[in-house]
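Here the protein sequences come in this chain order: Y, L, U and S.
Under the UniProt record's numbering, read the first sequence as residues 1 to 239, first letter to last.
Under the UniProt record's numbering, read the second sequence as residues 1 to 239, first letter to last.
Under the UniProt record's numbering, read the third sequence as residues 1 to 239, first letter to last.
Under the UniProt record's numbering, read the fourth sequence as residues 1 to 239, first letter to last.
A virtual CB, placed ideally from N, CA and C, is assigned to each residue, including glycine.
Given the structure is predicted, the values throughout are model-derived calculations rather than measurements.
There are 4 protein chains.
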Amino acid sequence: MNVVVWNEFRHEKENQVVADIYPEGIHGAIAAFLQKAGHNVTTATLDEEQHGLTDDVLNQADVLVWWGHKAHDEVQEEIAEKVKQRVLEGMGLVVLHSGHFSKVFKKLMGTTCDLKWREADEKERIWVVDPSHPITEGIGEYIEIEKEEMYGEHFDIPTPDELIFVSWFEGGEVFRSGATFKRGRGNIFYFRPGHETYPTYYHEQVQKVIQNGVQWAANKGTPKFVYGNAQPLEEIKEK
Amino acid sequence: MNVVVWNEFRHEKENQVVADIYPEGIHGAIAAFLQKAGHNVTTATLDEEQHGLTDDVLNQADVLVWWGHKAHDEVQEEIAEKVKQRVLEGMGLVVLHSGHFSKVFKKLMGTTCDLKWREADEKERIWVVDPSHPITEGIGEYIEIEKEEMYGEHFDIPTPDELIFVSWFEGGEVFRSGATFKRGRGNIFYFRPGHETYPTYYHEQVQKVIQNGVQWAANKGTPKFVYGNAQPLEEIKEK
Amino acid sequence: MNVVVWNEFRHEKENQVVADIYPEGIHGAIAAFLQKAGHNVTTATLDEEQHGLTDDVLNQADVLVWWGHKAHDEVQEEIAEKVKQRVLEGMGLVVLHSGHFSKVFKKLMGTTCDLKWREADEKERIWVVDPSHPITEGIGEYIEIEKEEMYGEHFDIPTPDELIFVSWFEGGEVFRSGATFKRGRGNIFYFRPGHETYPTYYHEQVQKVIQNGVQWAANKGTPKFVYGNAQPLEEIKEK
Amino acid sequence: MNVVVWNEFRHEKENQVVADIYPEGIHGAIAAFLQKAGHNVTTATLDEEQHGLTDDVLNQADVLVWWGHKAHDEVQEEIAEKVKQRVLEGMGLVVLHSGHFSKVFKKLMGTTCDLKWREADEKERIWVVDPSHPITEGIGEYIEIEKEEMYGEHFDIPTPDELIFVSWFEGGEVFRSGATFKRGRGNIFYFRPGHETYPTYYHEQVQKVIQNGVQWAANKGTPKFVYGNAQPLEEIKEK
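The following block contains the structure:
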């Protein structure tokens, strides 16, 4: 399976705290554990030509993982649109954390994707609410993260196709932190954790969920539809 | 309740068949039965200034009904965007027939909204599949329309929040022809029938469904959220 | 609208703390604010003949509100089954708090309806996650209850048709505390708060949600279906 | 993967037409193509001791396939209940055709599961309405079956978690003929076709869907929950 990990890759260059946590970039950390899981993984970042998302890269990708935060606006409209089209055609998409505000995710959702947030080193408990879903395989009742940024409701997304995780935060908020969405032939998984100043992507259970999400999101050959003017049945033709 | 019926209003000017069926325009026919149902109804059309959708009109609308077909591209991007925002803020939206391809609906859905179609004077049977839903009040097991344009699956929309009607067509197709979607504080109802060359909007049961849809879509005062940087609980503050 | 408030009515007779909070019984407190909202309200309790749920009472009920806790097993199988049938036929059902373990709710859900719980005087924050839903009308971003029993995930219910509220608890848990389910022609609303040793049903926002739920759950005349051997269309008949 | 194919196995003994089509029984035909797909398949039938569903058989089953029609009532209450529990604990369940009226399915759904039907040698077209779902892998836009029994709406089931197929019938009806449901840790797939007097289970695309359904329904290790009295966090303990 071909997996492309896309990262904005700006915090790592501008903030020493982030650089220390992710010396190979957030994409590097994510690519590493997905590679170990047996996938064929490449990375792409904002400042590359076409943000590293050429037609070739996208056409061969089974799943695209997306992390962005402070430079959503710098993603070219045309490329965001192309990524959206590829999702509709069947490329899986895993959107992480602040990627909720990416052009690609907002275009696919049709809503503002806004939320509440707070940076206060809070404990997060990510509870499983759908223990039949393959994305929860190998996970316990909940995942605990000692310190994370808080995301709180209301999260302005369409009703998810499946709600898998709900987060509890020390400060009094809850958040629908793991949810799936179908768009065309594409499967989308949003997963909340991963603020850049915390080592969240080294957390084993977080890694396991992202691996499961990548596995789940890949399309293995579902039908392609022909749209537009349709042929009638014989009975109609003869009328 | 303030209801605005929007119509492209082009077929009626260019095609005598349509003009004969809807001498006051499709918007006129729809406005008439909604008025009878007790609503405060106004209309707006493509060729008016700002397509008749000024800030004032939109801000006072509880529900907007939308019919368009051959001139979706002529709807100004800025106005389509404004309508979308108003839906997210709580204005109800009832999208009819070929409105599936309108800019507003596509923006809110995030998909192509494509489908199969055929003009062959086919019989349509619109079956109720959710007999607990208020939009079906006063309707029988199905609505039969003697002749209509066919719309067939796959209909490229996100999974509806509620699937209320499924159509059967003589020529061999089915279609999810009545479906609801929540986006932000807004309620959206898509209802399939209403090709311009048939007198569908005079069909009593079709009228009843549209009335029910308007009633259902109106937001009567649900919570407004504050997004962004959140205040912590006392315990967190004191840390 | 005819509303029947059913209560087990045992805690109030056996526990002075509960009797002091609800001198007219939990059913009395709930009936009082529903009556104020303009409904025609009666009550029924476990120790009455047929638990107060005669055919007459059920046939005339638009909505049944259910509170039970320690004596679920004493509800006669036959009456639980009759209530279930009435829901499928179109009677609305509002299930409160420990009613999650009632025979009626379990029969309608098909799952164990089990959950985690803790009695520790915890703060609860009931967050709105669906601000387009009429059950949230007149409510703020969340409802705060100073002290309540905790209910935690996993809550073993089928995926709700609509998830409206998610609770946060001081001790680290979350709970899907407001959810709707459609069964046949019946609308079901489950709402979590209301442990018997707290004055929760005097909380104005809790009352508002229950009123909204009753309003929402009532069926106003949706289609009734004929099941079984179906008549063919003419074309098929002539074959 | 261990798959158990359960069949009532009565029509085959009593009706020569059915016996001629399925000389090894419907279970034999289904077991054969699932075996070819690489599963470890066994069968069980109504007239065996405990209907062939001993604790041992159920505890080792990853997925149970169910076909029944005329003798639903002869399935012992206790065994139906045991099968339901196993589904809630994580055994996958694929319910075929008239199995919609089986005790097991009705217990898990909480509704009557009733529908319209007609035996008139009608053409059926099973349209894919969710082309992102793995159960549609390898299938075209629709599956056509030359002659089948008709099942029509309203199908009295809870809203499916996923609606994958909708059938069109020559005589004027539609039917939600492929749908998934989550119950506890269990995945359930209902698939409509398969009346005993037609050779439907030899249809390659029907076989492919059932294989996909079995694959999808198996639980590969999702979390098991502890229910009941919960432990508090440290902060709560110290209160």
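* To do: Taking the CB atoms as reference points, tell me whether residue 180 of chain L and residue 160 of chain L lie closer together than 8 Å.
  => yes
* Asked: residue 199 of chain S to residue 130 of chain U, Cα distance in whole Å?
  -> 47 Å
* Asked: Based on Cα-Cα distance, which residue from L:213, L:229, L:220, L:225 lies nearest to residue 96 of chain L?
  -> L:213
* What does a CB cutoff of less than 7 Å around residue 48 of chain Y pick up in its chain, not counting 5 residues either side in sequence? -> none
* To do: Please determine if the stretch 66 to 79 of chain S and the stretch 102 to 117 of chain S are in contact, where contact requires at least 3 C-beta pairs separated by less than 8 Å.
  => yes
* So with Cβ pairs under 8 Å, would you call residue 133 of chain U a contact of chain L? -> yes
* Asked: Between the stretch 30 to 46 of chain L and chain Y, which residues of the former have a C-beta closer than 8 Å to a C-beta of the latter?
  -> none
* How many angstroms separate the CA atom of residue 83 of chain Y from the CA atom of residue 58 of chain Y? -> 7 Å
* **Contact list for residue 109 of chain L against chain Y, beta-carbon separation under 7 Å** => 110
* **residue 149 of chain L in three-state terms, based on DSSP** => strand
* **Residue range of the beta strand (DSSP E) that includes residue 157 of chain Y** => First-last for residue 157 of chain Y: undefined, no H or E at that position.
* Helix, strand or coil for residue 228 of chain S per DSSP? -> strand
* To do: Could I get the ranges of all uninterrupted beta strand (DSSP E) runs contained in the stretch 20 to 56 of chain S, with 3 residues as the minimum, in chain order?
  => 40 to 45
* Asked: Which residues, taken in chain order from the stretch 125 to 152 of chain Y, show a beta carbon closer than 8 Å to some beta carbon of chain S?
  -> 128, 130, 131, 132, 133, 134, 136, 137, 138, 139, 140, 141
* Asked: Going along the chain, which residues of its own chain have a beta-carbon closer than 8 Å to the beta-carbon of residue 29 of chain Y, five neighbours each way excluded?
  -> 22, 201, 202
* To do: Pull up the DSSP beta-bridge partners for residue 188 of chain L, would you.
  => L:93, L:181
* **contact_flag[the stretch 146 to 166 of chain L, the stretch 115 to 135 of chain L] where n(CB pairs < 8 Å) is 3 or more** => yes
* Does any C-beta atom of chain L lie closer than 8 Å to the C-beta of residue 268 of chain U? -> It is not possible to answer for residue 268 of chain U, since the shown part of chain U is limited to 1 through 239.
* What did DSSP end up calling residue 10 of chain S once you bin it into helix, strand or coil? -> coil
* Asked: Which residues in chain U sit within 8 Å of residue 158 of chain L, going by Cβ to Cβ distance?
  -> Correct list: empty, because the minimum Cβ distance to chain U is about 15 Å.
* To do: Tell me, please, whether the stretch 182 to 189 of chain S touches the stretch 88 to 95 of chain S by the rule of three or more beta-carbon pairs shorter than 8 Å.
  => yes
* To do: Please decide whether residue 163 of chain Y counts as near chain U, where near means a Cβ-Cβ distance under 8 Å.
  => yes
* In three-state DSSP terms, what is residue 219 of chain U? -> coil
* With a floor of 4 residues, list each alpha helix (DSSP H) that falls wholly inside the stretch 93 to 121 of chain Y, ordered by position along the chain. => 103 to 109
* Selected residue, minimal CA-CA separation from residue 171 of chain S, among S:152, S:178, S:157 -> S:152
* To do: Sort S:40, S:9, S:55 by Cα distance to residue 218 of chain S and report the nearest one.
  => S:40
* Which residue from L:53, L:62, L:204 puts its Cα closest to that of residue 7 of chain L? -> L:53
* Asked: What is the residue span of the beta strand (DSSP E) that residue 65 of chain S lies within?
  -> 63 to 67
* **C-beta atoms of residue 63 of chain Y and residue 3 of chain Y nearer than 8 Å** => yes
* To do: Starting from the Cα of residue 156 of chain S, find the closest Cα among S:165, S:116, S:140 and give me that residue.
  => S:116
* If we count the other Cβ atoms within 10 Å of its Cβ and call it buried at 16 or more, is residue 204 of chain L buried or exposed? -> exposed
* Leaving out five residues on either side along the sequence, give the residues of the same chain with a beta carbon under 6 Å from the beta carbon of residue 177 of chain U. => 126, 165, 167, 192
* **Below-8 Å beta-carbon distance, residue 250 of chain Y vs any chain L residue** => In the structure as shown, chain Y starts at 1 and stops at 239, and residue 250 of chain Y therefore has no counterpart that could be examined.
* Should residue 221 of chain Y be flagged as near chain S, meaning a C-beta pair shorter than 8 Å? -> yes
* Which residues in the same chain as residue 118 of chain U place their Cβ atom closer than 6 Å to its Cβ, once the five residues preceding and following it in sequence are excluded? -> 150
* **Buried or exposed (CB count within 10 angstroms, at least 16 for buried), residue 20 of chain U** => exposed
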